[in-house]
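Numbering (my numbering), first residue to last: 259 to 414.
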């Protein structure tokens with residue numbers, strides 16, 4: 259194993275941070291008002307966890323394809339994403355079970371301050387789901403799941 263996913267560089271812009279916060283209905287001032295964020299001890303506004311969650315999902319579906327269905331996303335934030343930085347998502351397939359269609363992938367999202375995001379994502383491939391439905395019609399049950407694990411360790 260050890261197959262690396264292509265990295266994904268995401269420029270962290272003020273627009274991305276504010277739009278992500280608004281889209282996820284997170285109206286905390288630290289995600290859109292730089293002056294209030296500074297008063298609360300932050301050097302600037304910073305990205306919320308829901309935007310990060312969406313970007314991790316994008317990274318996984320960019321690799322596994324548009325028919326991949328995210329089943330579970332469990333992430334933890336580390337270093338904040340501030341405007342002007344770049345987050346680089348990297349991943350490596352740690353385990354692949356071709357018989358069941360299950361893969362375990364370790365992913366890290368890092369910026370200039372360190373690791374921004376770590377966690378676990380479970381994704382099911384729609385093609386496998388269609389096969390499972392066909393099998394179910396013949397009274398055979400099949401479950402195909404791809405598990406993506408995001409950890410604190412940097413992927414090299």
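All C-beta atoms in this analysis are idealised placements derived from N, C-alpha and C, irrespective of residue type, glycine included.
* Would you kindly work out how many angstroms separate the C-alpha atoms of residue 344 and residue 268, rounded to a whole number? => 6 Å
* **Residues sharing a beta bridge with residue 369, DSSP** => Residue pairing by DSSP puts residue 369 in a beta bridge opposite 372.
* Compute the Euclidean distance between the alpha carbons of residue 349 and residue 276, then round it to the nearest angstrom. => 27 Å
* Asked: Out of curiosity, what's the CA-to-CA distance linking residue 286 and residue 278?
  -> Those two C-alpha atoms are separated by around 12 Å.
* How big is the Cα-Cα spacing for residue 261 and residue 356? -> 14 Å
* Asked: Straight-line CA distance for residue 295 to residue 362?
  -> 37 Å
* Below 8 Å on the Cβ atoms is my guess for residue 336 versus residue 373; work out the distance and round it to an integer in Å. => 5 Å
* Excluding sequence positions up to five away, which residues of its chain have a Cβ less than 6 Å from the Cβ of residue 317? -> 266 and 347
* To do: Work out the CA separation of residue 351 and residue 380 for me, nearest whole Å.
  => Straight-line spacing of the CA atoms in residue 380 and residue 351 works out to 13 Å.
* Asked: So residue 366 packs on residue 314, CB below 8 Å; how close in whole Å?
  -> About 10 Å; that fails the 8 Å criterion.
* To do: Measure the Cβ-Cβ separation of residue 339 and residue 280 and say whether it is below 8 Å.
  => no
* Cβ separation of residue 303 and residue 341, assumed to be a contact under 8 Å, to the nearest whole Å -> 7 Å
* To do: Would you give the residue range spanned by the beta strand (DSSP E) that residue 270 belongs to?
  => No beta strand (DSSP E) holds residue 270; DSSP gives it neither H nor E.
* To do: Please name the residue in 376, 300 and 290 whose C-alpha comes closest to that of residue 334.
  => Checked all of 376, 300 and 290; the closest Cα to residue 334 is 376.
* Member of 310, 282 and 289 whose CA lies at the smallest distance from the CA of residue 378 -> 310
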